[in-house]
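One structure below.
Protein chains: 2
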Amino acid sequence: MIALDWGTTSLRGWLLGDGGTVLDRHAAASGIMAVTDGNFDAAYRTFTAGWRAAQPALPALASGMIGSRQGWVEAPYVACPAGLADLAGRGVMAGEAEAALRIVPGLSWRAPDGMTDVMRGEESQIIGALDDGGGDGLFVLPGTHSKWARVEGGRIVGFATYMTGELFAVLRGHSILGRMMPADGAMAHDSRTFAAGVADGLDHGHDLPRRLFGVRTRGLFGDLGEPAAPSFLSGLLIGAELAGARASGQIGAGATAATLIGETTLCTRYAEALAMAGIAARIADADVTPRGLWRLACAAGMIDT
Amino acid sequence: MIALDWGTTSLRGWLLGDGGTVLDRHAAASGIMAVTDGNFDAAYRTFTAGWRAAQPALPALASGMIGSRQGWVEAPYVACPAGLADLAGRGVMAGEAEAALRIVPGLSWRAPDGMTDVMRGEESQIIGALDDGGGDGLFVLPGTHSKWARVEGGRIVGFATYMTGELFAVLRGHSILGRMMPADGAMAHDSRTFAAGVADGLDHGHDLPRRLFGVRTRGLFGDLGEPAAPSFLSGLLIGAELAGARASGQIGAGATAATLIGETTLCTRYAEALAMAGIAARIADADVTPRGLWRLACAAGMIDT
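Same order as they appear, the protein sequences are chains X and W. Mapping of the first sequence onto the numbering used here: residues 249 to 553, in sequence order. Mapping of the second sequence onto the numbering used here: residues 249 to 553, in sequence order.
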């Protein structure tokens, strides 16, 4: 089968063989924002041409923003709690019969505090991580918009989104804090300073707009050098995310473990921060996305098993 | 005398007569960042030429970033607690004898939680507001970097800075939240939506990176229209500032009143938000800056009274 993670800015694909084995992989900057003419059919045919030339009838399943209102065909959100069967059964078809693509729906959740939240793509990663030895528990997907999901009985029962990565990017790129940092985007990670930032966020995350100004005053008083400043800001924001997740119940009272899903360097940072909050984190295998899509395809009856 | 508020982006000046009466006022975009050649002497002579032509020996006092390391002459921070006499006695001289300018120092404070904070310019406004009927108590100066100062026995005993205004600007200008808002900077204020944002911030400000993403999901689910979105974000950030100020002790347990200093529209918004937090706010007279500089000049012996 063909498995696609079709997001806002990028498109990643895998050719999967028996048992979900990855036979080939391919990536392009063809996220839905890059398909400016809205011709997703052409983008899909181009991206999968090589794989489909050899086997035209390959089943194909995609997750991510391709199923949003701005994507190819909208796959309405499925409300939590939801698991493998719920997601597999609510796929939506796109494209012509000879080049059809099934799209996994996203998830929505209305939290007890009244806030509604959404995800698209992460649900398939979590399904893949569950298969990867992760059972019930807490799943954290760091990134531009970090997701915290709780899984019980194999179903995602609730989740929350934190704008942490985007806060870092806009503050570094456009605020007074960015002016005390090296111009280059490729920053050197300073573990000690990062840990100091995490501690600040864990202890004082409830006062974040003030602690952010504290990054600047630390610089003014020589307590924080320019090269290390991004590490402190990163730690502060991640620490504040953890403190908020704990205060609002994303981290349950007795939680001592979590599974991290995502880019390895960022997951390693989150693992360090979670350890400071008393949570032991394991980082999921990098191929949770194709594995989740394989499981969803099997559950949807797309694969003869 | 000549009184100047010489900040990062702007320069405001007043010609003051007997008793501190404002005889004339003048403003220019000659903030310290605009004096790119570092020739503050020339900028000062140009700005005050009209006033000094008539009376060459006028005493002159300035507050603000002109006394910072990036300014004309650095006026080292005075540590809190500090009042009129401390500030008046620690002025620093700049310029030639025939066109001399005295610069008021800024204030620094190391909070009990270890965080160091600074202000430059706001101390003179608070001194002016104290004269304006404001006694001891809580002073809030909203803006790009909001200041919260506590005054006891006429001295500023501690203060904290919140990056609220800058957070609003960078999120509106550069984040995904800005994309769900009208393009034009001149936003229409929506009181009800602003109040809903304040309530969200007061109740959930400890979980700010998540509540920020909630602004987006409210838009996705049609709970928040594009024209009202900036009002919600503004309310959320101000509410989170208030919640943080309360949690970290800037708002004392028994506090029921505060004095607001600053631009009238913004002060009105803060007064609405403070009322929701049980704090009755009075907005200080617009001319607290020249009044504070007059009082400081008198205390420094610059004026024959």
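Glycine included, C-beta positions come from ideal geometry on N, C-alpha and C.
Judged by DSSP in its simplified three-state form, W:I374 adopts helix. Partner residues in the beta bridge of W:A529, as assigned by DSSP, are W:A506.
The Cβ-Cβ distance between X:D365 and X:A408 falls below 8 Å. Residue burial annotation: W:Q303 is exposed, with fewer than 16 other C-beta atoms found within 10 angstroms of its C-beta. Three or more Cβ pairs closer than 8 Å define a contact, and the stretch 409–421 of chain X falls short of that threshold against the stretch 252–270 of chain W. Interface with chain X (8 Å Cβ-Cβ cutoff): W:S423 is included.
For X:W396, the uninterrupted beta strand (DSSP E) run begins and ends at S394 to E400, by DSSP. Look at X:A397: its C-beta is not under 8 Å from any C-beta on chain W.
For the stretch 456–474 of chain X, residues whose beta-carbon sits nearer than 7 Å to a beta-carbon of chain W comprise L456, P457, R458, L460, F461, G462, T465, L468 and F469. In this structure, X:E414 and W:S423 form a Cβ contact; the two beta carbons are roughly 6 Å apart against a cut-off of 8 Å.
Taking the C-beta atoms as reference points, X:A310 is found no nearer than 8 Å to X:L263. Annotation for W:H274: the continuous beta strand (DSSP E) segment containing it runs V270 to A276.
Here DSSP, grouped into helix, strand and coil, assigns X:M367 to strand. Neighbours of W:M313 in chain X, taken as residues whose beta carbon is under 8 Å from its own, are absent, since the nearest beta carbon is some 12 Å off. The criterion of a C-beta distance shorter than 8 Å is not satisfied by W:A547 and W:A345. Sorting W:P457, W:F480 and W:D451 by C-alpha distance to the C-alpha of W:G467 places W:F480 at the top.
Around W:Q373, the same chain offers L389, I509, V536, T537 and G540 as residues with beta carbons nearer than 7 Å, after the five sequence neighbours per side are excluded. A buried status is given to W:E371, since no fewer than 16 other beta-carbon atoms sit within 10 Å of its beta-carbon.
Of the other Cβ atoms in all chains shown, 16 or more fall within 10 Å of the Cβ of X:M363; this residue is therefore buried.
For W:S482, DSSP assigns no beta-bridge partner whatsoever.
Residue-level contact check: X:S496 touches chain W, since one or more beta carbons of chain W fall below 8 Å from its beta carbon. Collapsing the DSSP output to three states places X:M550 in coil.
In the DSSP assignment, X:L264 falls outside any alpha helix (DSSP H) and within the unbroken beta strand (DSSP E) covering L259 to L264.
Distances from the CA of X:V270 to each of X:Y292, X:W299 and X:T412 were compared; the closest alpha carbon is that of X:W299. Of all C-beta pairs linking the stretch 443–462 of chain X to the stretch 491–510 of chain W, three or more are shorter than 8 Å, placing the two stretches in contact. Within the stretch 344–363 of chain X, D361 and M363 place their CB atoms closer than 8 Å to a CB of chain W, listed in sequence order.
Contact with chain X is absent for W:A431, since none of that chain's Cβ atoms lies less than 8 Å from the residue's Cβ.
Counting C-beta pairs closer than 8 Å gives fewer than three between the stretch 439–447 of chain X and the stretch 438–448 of chain W, which falls short of the contact rule. Per DSSP, X:D535 lies in no alpha helix (DSSP H) segment and is marked neither H nor E. Per DSSP, reduced to three states, the secondary structure at X:R338 is coil, with no helix or strand assignment. Here the alpha carbon of W:I404 sits roughly 15 Å from the alpha carbon of W:P360. Contact of W:M411 with chain X by beta-carbon distance below 7 Å involves P457, L460 and F461. Using a CB distance cut-off of 8 Å, X:E414 counts as an interface residue toward chain W.
Residue environment: W:G402 is assigned as exposed (fewer than 16 neighbouring CB atoms within 10 Å of its CB, all protein chains considered). Our two residues, X:P353 and X:D285, have alpha carbons roughly 23 Å apart in a direct line. For the stretch 510–528 of chain X, the set of residues with a beta-carbon nearer than 9 Å to any beta-carbon of chain W is empty.
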